[in-house]
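A short worksheet on the structure shown next.
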Amino acid sequence: MDRPDLELVLAVRAHGNLAAAAAALEVVPSVVTKRLAALEARLGQRLFQRTTRRVSPTAEGETVCERATALLQGFKELEAELQERQSEPAGPIRLAATLGFGRLWLGPALADFQARYPRVKVQLQLSEHLPDLAAEGYDGAVWLWSVPGQRAGQWVERRLARNQRVLVAAPAYLQHAGMPQTLEALQQHACLTVRENGDISQQRFDLWPLRKEKDKSPQRIRVQGPLTSNSGEVVRDWCLGGHGIMLRSLWDIAPQLASGQLVRVLPAYAMPDADIHWLAPWRAQTPKRIRLLVDFLAERFRDEPWRIKPGPSARAAPRGSRPAR
């Protein structure tokens, strides 16, 4: 069967008689009659029952029509994609992203993408809560974790980069409190916790689920400390000020680790729960500008540019294990 055959059977089913199908195909009725008879003879199956008043598909005809619909849609999508490749991408892209990552890493990347494709217009909305992408008209989101409960038929997800949350402290804190040598020793230290996504007075974020990087074995440790905030930036500032140990994403503290302002604590452990993902509502055909953007971001973040080697001051961090105040 070729494309004209597929269009023929669909026209006959849609109009219910050969004369109307012929008009839709812009041929005379005799052509439709001959082509349909030749197709049925070639397949060895009767595709339509004919009466004086109506033509209706047989069970075999329904099967052929269903397949014909899918095949013709595939032809259309292929043609649209090939035509799109010949033209410069253009149009709006509306995105959502988490506040910190969006400002530090995604924003500069989007500026570079737009400079590469000047006819694309990017709109970025930063938020701590993932919006209803489809209902609110977003093309997608760059988010720090996958969305639980999402259905494969409703969402498209792609991991853009791996990310870890790691334990860090300022050298000044470690000078007077000592470097913890075990997870259990964290319980004697001032740990700075972030309480996000809810009422600060009702949620507990003092249980850190960590994983040993060497054998991936999970560990949980309950921590305590005098300072807690729903703002990760505030907690980061406290940590830089020497007030305790925090658990923070590598992408957020890369410059401070590189300069030695912060030092890894218990570097064999991390919390690998915050990979960077592309999330988007499912659509039958994704516009070229969106495909190009996702590939651009995947390439941009593929090597995890926030993984910077620590500076000399970080290597000189104290190694003692005196208890915290």
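If you read the sequence shown in the numbering used here, its first letter stands for residue 4, the second for the next number, and so on.
Even glycine gets a Cβ: it sits at the ideal position worked out from N, Cα and C.
- Spanning the alpha carbons of L210 and P121 requires a straight line of approximately 47 Å.
- Annotation for D278: R162, R165, N166 place their beta carbon closer than 6 Å to its own, counting only its chain and skipping 5 residues before and after.
- Every unbroken stretch of the alpha helix (DSSP H) spanning 4 or more residues and falling wholly within the region 250-307 is given here in chain order: 253-262, 291-304.
- For W309, the three-state secondary structure derived from DSSP is coil.
- The C-beta distance from Q128 to L107 rounds to 16 Å, too long to meet the 8 Å contact threshold.
- S234: not part of any beta strand (DSSP E); DSSP gives it neither H nor E.
- A distance below 6 Å between beta-carbons, with the five flanking residues on each side excluded, links Q259 to the following residues of its chain, in chain order: L265.
- V226 and G247 have their alpha carbons spaced roughly 11 Å apart.
- The Cβ atoms of L133 and L75 lie no closer than 8 Å to each other.
- The beta carbon of C68 sits closer than 8 Å to the beta carbons of V12, L13, R16, P60 from its chain, once the five residues preceding and following it are set aside; these are given in chain order.
- G103 and D255 do touch by the CB rule: their CB atoms are close to 6 Å apart, below 8 Å.
- In the three-state reduction of the DSSP assignment, E91 falls in the coil class.
- If only complete runs of 4 or more residues are kept, the region 20-52 shows the alpha helix (DSSP H) at 21-28, 32-46, in order along the chain.
- In this structure F78 is exposed. Its beta-carbon is surrounded by fewer than 16 other beta-carbon atoms within 10 angstroms.
- When rounded, the separation of the alpha-carbon atoms in T54 and G47 is 20 Å.
- Burial state of T66 is exposed, judged by a 10 Å Cβ sphere holding fewer than 16 other Cβ atoms.
- Counting C-beta atoms within 10 angstroms of its own C-beta, P183 has 16 or more neighbours from the protein chains shown and is therefore classed as buried.
- Under the three-state reduction of DSSP, P174 is assigned to helix.
- Cβ-Cβ separation between L300 and A112: approximately 6 Å, consistent with a contact (criterion under 8 Å).
- Residues T196, V197, R198, E199, T231 of the same chain have their beta carbon placed closer than 8 Å to that of F208, with the five preceding and five following residues left out of the count.
- Within the same chain, no residue comes within 8 Å of K219 by CB-CB distance, once the 5 residues on both sides are set aside.
- For G235, the closest C-alpha among the options R251, G228, S262 is that of R251.
- At the C-beta level, V159 and A73 stay beyond 8 Å of one another.
- For E187, there is no enclosing beta strand (DSSP E), as DSSP gives it neither H nor E.
- In this chain, P111 is not harboured by any beta strand (DSSP E); it is covered by the alpha helix (DSSP H) spanning 110-119.
- The beta carbon of R292 lies closer than 8 Å to those of P92, A93, G94, I96, Y120, V123 in the same chain, with the five residues before and after it left out.
- Judged by their CB atoms, A118 and L109 are not nearer to each other than the 8 Å cut-off.
- One alpha carbon belongs to A25, the other to E80, and they sit about 26 Å apart.
- If you compare the alpha carbons of A172, L39, V34, A62 with that of P270, the shortest gap goes to A172.
- DSSP links L213 through a beta bridge to Q222.
- Annotation for A164: no alpha helix (DSSP H) segment contains it, though the beta strand (DSSP E) segment containing it runs 158-164.
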